[in-house]
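S.K.: Residue numbers (this note's numbering), protein chains in the order written: chain A, 316 to 719; chain B, 207 to 423.
(1) Quick one: list the residues of chain A neighbouring residue 356 of chain B, beta-carbon separation under 7 Å, in chain order.
(2) For residue 331 of chain B, collect the residues of the same chain with a Cβ closer than 7 Å to its Cβ; drop the 5 residues on either side in sequence, then sort them by chain order.
(3) Give the DSSP-derived three-state secondary structure of residue 392 of chain A in the structure shown.
(4) Anyone know if the C-beta pair for residue 524 of chain A and residue 433 of chain A falls short of 7 Å?
(5) Helix, strand or coil: how does DSSP classify residue 284 of chain B here?
(6) Give the interface partners of residue 498 of chain A over in chain B, defined as CB-CB distance under 7 Å, in chain order.
(7) Which residues in chain B sit within 7 Å of residue 495 of chain A, going by Cβ to Cβ distance?
(8) Tell me which residue opens and which closes the beta strand (DSSP E) that residue 380 of chain A is part of.
(9) Residue 692 of chain A versus chain B: which residues are under 7 Å apart at the beta carbon?
(10) Put residue 459 of chain A into one of helix, strand or coil per three-state DSSP.
(11) Within the same chain, show all residues whose beta-carbon is closer than 6 Å to that of residue 672 of chain A, passing over the 5 residues directly before and after it, in chain order.
(12) Quick check: what's the CA-CA separation for residue 389 of chain B versus residue 383 of chain B?
(13) So, at 7 Å on beta carbons, what are the nonlocal neighbours of residue 379 of chain B in its own chain, with the 5 sequence-adjacent residues on each side left out?
(14) Expressed to the nearest angstrom, what Euclidean distance is found between the alpha-carbon atoms of residue 317 of chain B and residue 272 of chain B?
(15) Answer with yes or no whether the minimum CB distance from residue 687 of chain A to chain B is below 7 Å.
(16) If you reduce the DSSP assignment to three classes, tell me which class residue 246 of chain B lands in.
(17) Excluding sequence positions up to five away, which residues of its chain have a Cβ less than 6 Å from the Cβ of residue 457 of chain A?
(18) In angstroms with no decimal places, state the Cα-to-Cα distance between residue 679 of chain A and residue 634 of chain A.
(19) Taking DSSP as the reference, what is the three-state secondary structure of residue 256 of chain B?
(20) By DSSP's criteria, residue 330 of chain B is part of a beta bridge. Which residues make up the other side?
(21) Relative to the C-alpha of residue 228 of chain B, which residue among B:353, B:315 and B:259 is closest?
(22) At a CB-CB cut-off below 8 Å, which residues of chain B make contact with residue 618 of chain A?
(23) Within the continuous beta strand (DSSP E) that includes residue 495 of chain A, where are the two ends?
(24) Is residue 258 of chain B close to chain A? Criterion is C-beta to C-beta, closer than 7 Å.
(25) Using only the alpha-carbon positions, how far apart do residue 609 of chain A and residue 411 of chain B sit?
(26) Nearest to residue 498 of chain A by CA position, among A:716, A:712, A:700 and A:380, is which residue?
(27) Do residue 328 of chain B and residue 267 of chain B have their C-beta atoms within less than 7 Å of each other?
(28) Out of curiosity, what's the CA-to-CA distance linking residue 147 of chain B and residue 463 of chain A?
(29) Is it buried or exposed, residue 714 of chain A, if we count other Cβ atoms within 10 angstroms and call 16 or more buried?
(30) Shorter than 7 Å from the beta carbon of residue 337 of chain A to some beta carbon of chain B?
(31) Tell me which residue opens and which closes the beta strand (DSSP E) that residue 769 of chain A is part of.
(32) What does residue 466 of chain A touch in chain B if you count any residue whose Cβ is under 8 Å from its own?
(33) Please identify the residue among A:642, A:392 and A:632 whose C-alpha is closest to the C-alpha of residue 618 of chain A.
(34) Given that residue 405 of chain B touches chain A, what residues does it touch there, using C-beta distances under 7 Å?
(35) Output the distance between the C-alpha atoms of residue 371 of chain B and residue 441 of chain A, rounded to the nearest integer angstrom.
(36) In whole angstroms, what separates the C-alpha of residue 522 of chain A from that of residue 572 of chain A?
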């Protein structure tokens, strides 16, 4: 993978900036640490970004902390607690967290010019910092955390040189420099690359979904905050006026009792309606998601609570208009009335679906605008540019205008 | 004479950690927030790639309209032209004057809903010299057509207020060139109202101005 492959997608000026910054950082060492090589948005991005950094001459490594099952149970709890689910972390849980971080810190060689630690799981590695610039990259919304959890984690976070958040409203007040860098999608990844019409048709055929009428799609976990039941209510309201299909596609949720419960409710509600298709996608269904999005007439993301919600950017990249909840990072992606609609209720969702089904030309125009919006603001090239900018800015802390 | 060297730039957003959820909090923060934050919120509109123009060209006016839902205040803030000022402290004073007058006339709007607060940020600009250079009007036109819009932002907007120059770099180049035709170009560019342009519109406008006076371009 090289930057050259993005030549026909990204702005030439943006690539010139990246190349100039990479020349300045040529031969320097860059390390990323997170908690998994597979699954989740962070791993998905690092898989693509790390080879790109290396191709530019920045010696980049990606390391993953090794943890025990209890450790990951604790970190999942910390993750949810920071996202405001009101969970308490006990003294024993913190001990598990600290012990695993400590063990990893002893075994990992983290000597580099710049180290990015992603999310709370490995955040405590900072306590063993020896050299270089250490940045905490927070991908989640910690604006309303459990206060005790944040109080304890903050002590570690404030030992970093800087922190990055995906949106200003996701951040907390810290006594270290904080930067805003939005996440991104890779237009060349399996989930976003161009597909032929045959590839799209094959996926729909494989899932047994006829493409005989307009198709409304939501790709999300079966999670109450993604409101799949609300999506179905909106669909029933739309069906009074338009003959259409609904596809709810989400991951399997065997380790998530709440997900199982929501899925059961969705199935029960869909009973007797052959135009509702519920798909349980296994992990690594990137091509399938890509095809489903490309084959949809309208994409929904009717979340009532959301992180950044990059699935919206994925759908917009495929020129689909997106109707989505006005929460989390969604308003940065859906420009109301331009790339889709922001909605606040089931009725609003139904109304906007009806508007777009009634006016395919408008839907098409929004789709085109959506792709351009993502191209200019949410591609991996821009993300890389911001990471390199941050590195250089942190090495020139007193300047607000830096000549490279 | 030195050739015109085109630079391109990008902005990194640094968060100050300060946020306002109502107009009074906003005014209190404006009093002592960094000049870099005021510059950022008055100018990021010009550097950001838009697919559709926001209703108003500065973040303060957009917030007043969208989050506070106070259209009168939004219009008053939108009408504040940063290019009439040669330093950021004067802009700060003008924003505070607008706020104070507004609060004397109208009740303070209700606080915004959570998540719609005004988040004060600052921009750090990273600048790269490109290989685009111009010795002649023809070369200038050719380069101006090719450079990234961030180049127009840097030479036209950032150069004036933040870098403390009285003139934008394009006008300065034509002014210094000595040729009467170039002076005329400088004079026309200087008379533009940059607040009413996006960088892309400005690129087209400057190309048009130079082309009009440049038979051989």
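All C-beta atoms in this analysis are idealised placements derived from N, C-alpha and C, irrespective of residue type, glycine included.
M.R.: This is what the structure gives:
(1) Numbered from its first residue, the second chain carries residue 356 of chain B at position 150. Those are 328, listed as they occur along chain A.
(2) For the purposes of this step, residue 331 of chain B is identified with residue 125 of the second chain, where counting begins at 1. Within the same chain, residue 331 of chain B has close Cβ partners 215, 217 and 364.
(3) By 1-based counting over the first chain, the position of residue 392 of chain A is 77. Reduced to three states, the DSSP call for residue 392 of chain A is helix.
(4) Here residue 524 of chain A corresponds to residue number 209 of the first chain, with the count starting at 1. Here residue 433 of chain A corresponds to residue number 118 of the first chain, with the count starting at 1. Not in contact: residue 524 of chain A and residue 433 of chain A (Cβ atoms no closer than 7 Å).
(5) Indexing the second chain from 1 puts residue 284 of chain B at position 78. Reduced to three states, the DSSP call for residue 284 of chain B is helix.
(6) Residue 498 of chain A sits at position 183 when you count from the first residue of the first chain. Within 7 Å Cβ-Cβ: nothing; residue 498 of chain A doesn't reach chain B, min ~14 Å.
(7) The residue labelled residue 495 of chain A in the question sits at position 180 within the first chain. Residues of chain B passing the Cβ test: 219, 221 and 327.
(8) Start at 1 with the first residue of the first chain, and residue 380 of chain A comes out as number 65. First-last for residue 380 of chain A: undefined, no H or E at that position.
(9) Walking along the first chain from the start, residue 692 of chain A turns up at place 377. The answer, in chain order, is 255.
(10) Walking along the first chain from the start, residue 459 of chain A turns up at place 144. Reduced to three states, the DSSP call for residue 459 of chain A is coil.
(11) Locating residue 672 of chain A in the first chain gives position 357, counting from the first residue. Same-chain partners within the cutoff: 529 and 557.
(12) Residue mapping note: residue 389 of chain B aligns to position 183 of the second chain, counting from 1. Residue mapping note: residue 383 of chain B aligns to position 177 of the second chain, counting from 1. About 7 Å.
(13) Here the question's residue 379 of chain B lines up with position 173 in the second chain. Around residue 379 of chain B: 210.
(14) For the purposes of this step, residue 317 of chain B is identified with residue 111 of the second chain, where counting begins at 1. For the purposes of this step, residue 272 of chain B is identified with residue 66 of the second chain, where counting begins at 1. Spanning the two alpha carbons is a distance of roughly 12 Å.
(15) As a first step, residue 687 of chain A is located in the first chain; it is residue number 372 there, counting from the start. Interface residue, yes.
(16) Along the second chain, one-based indexing puts residue 246 of chain B at 40. Helix at residue 246 of chain B.
(17) Working through the first chain from its first residue, we reach residue 457 of chain A at position 142. Hits under 6 Å: 397 and 487.
(18) Along the first chain, read from residue 1 onward, the residue named residue 679 of chain A stands at position 364. Along the first chain, read from residue 1 onward, the residue named residue 634 of chain A stands at position 319. The alpha-carbon atoms of residue 679 of chain A and residue 634 of chain A are separated by roughly 7 Å.
(19) What you label residue 256 of chain B is simply residue 50 of the second chain in a count that begins at 1. Three-state result, residue 256 of chain B: coil.
(20) Stepping through the second chain from its first residue, residue 330 of chain B is reached at position 124. In DSSP, residue 330 of chain B forms a bridge with B:218.
(21) As a first step, residue 228 of chain B must be located in the second chain, where it is residue number 22. Nearest C-alpha to residue 228 of chain B: B:315.
(22) Working through the first chain from its first residue, we reach residue 618 of chain A at position 303. Correct list: empty, because the minimum Cβ distance to chain B is about 13 Å.
(23) Residue mapping note: residue 495 of chain A aligns to position 180 of the first chain, counting from 1. Taken as a continuous stretch (DSSP letters only), the beta strand (DSSP E) holding residue 495 of chain A covers 493-495.
(24) If you number the second chain from 1, residue 258 of chain B lands on position 52. Residue 258 of chain B counts as touching chain A.
(25) To locate residue 609 of chain A, count along the first chain from 1; it is residue 294. To locate residue 411 of chain B, count along the second chain from 1; it is residue 205. If you take the alpha carbons of residue 609 of chain A and residue 411 of chain B, they lie about 39 Å apart.
(26) Translated into the one-based positions of the first chain, residue 498 of chain A becomes position 183. Among A:716, A:712, A:700 and A:380, the Cα nearest to that of residue 498 of chain A is on A:700.
(27) Residue numbering aside, residue 328 of chain B sits at position 122 when the second chain is read from its first letter. Residue numbering aside, residue 267 of chain B sits at position 61 when the second chain is read from its first letter. Cβ distance not < 7 Å, so residue 328 of chain B and residue 267 of chain B don't count as in contact.
(28) Residue 147 of chain B cannot be examined here, being either before or after the span of chain B that is shown, 207 to 423.
(29) Here residue 714 of chain A corresponds to residue number 399 of the first chain, with the count starting at 1. When all chains shown are included, residue 714 of chain A counts as exposed.
(30) Taking the first chain and counting its residues from 1, the one referred to as residue 337 of chain A is at position 22. Not closer than 7 Å to any Cβ of chain B, the Cβ of residue 337 of chain A fails to qualify, so no.
(31) Examination of residue 769 of chain A is not possible in this model, given that chain A is present from 316 through 719 alone.
(32) Taking the first residue of the first chain as 1, we reach residue 466 of chain A at position 151. Near residue 466 of chain A there are no residues of chain B at all, since even the closest Cβ is about 17 Å away, more than 8 Å.
(33) Translated into the one-based positions of the first chain, residue 618 of chain A becomes position 303. It is A:642.
(34) Indexing the second chain from 1 puts residue 405 of chain B at position 199. In chain order: nothing, as chain A lies at least about 11 Å away.
(35) Taking the first residue of the second chain as position 1, residue 371 of chain B is located at position 165. Taking the first residue of the first chain as position 1, residue 441 of chain A is located at position 126. Residue 371 of chain B and residue 441 of chain A: Cα-Cα distance of roughly 43 Å.
(36) As a working mapping, residue 522 of chain A is identified with position 207 in the first chain. As a working mapping, residue 572 of chain A is identified with position 257 in the first chain. Going by the C-alpha atoms only, they are around 25 Å apart.
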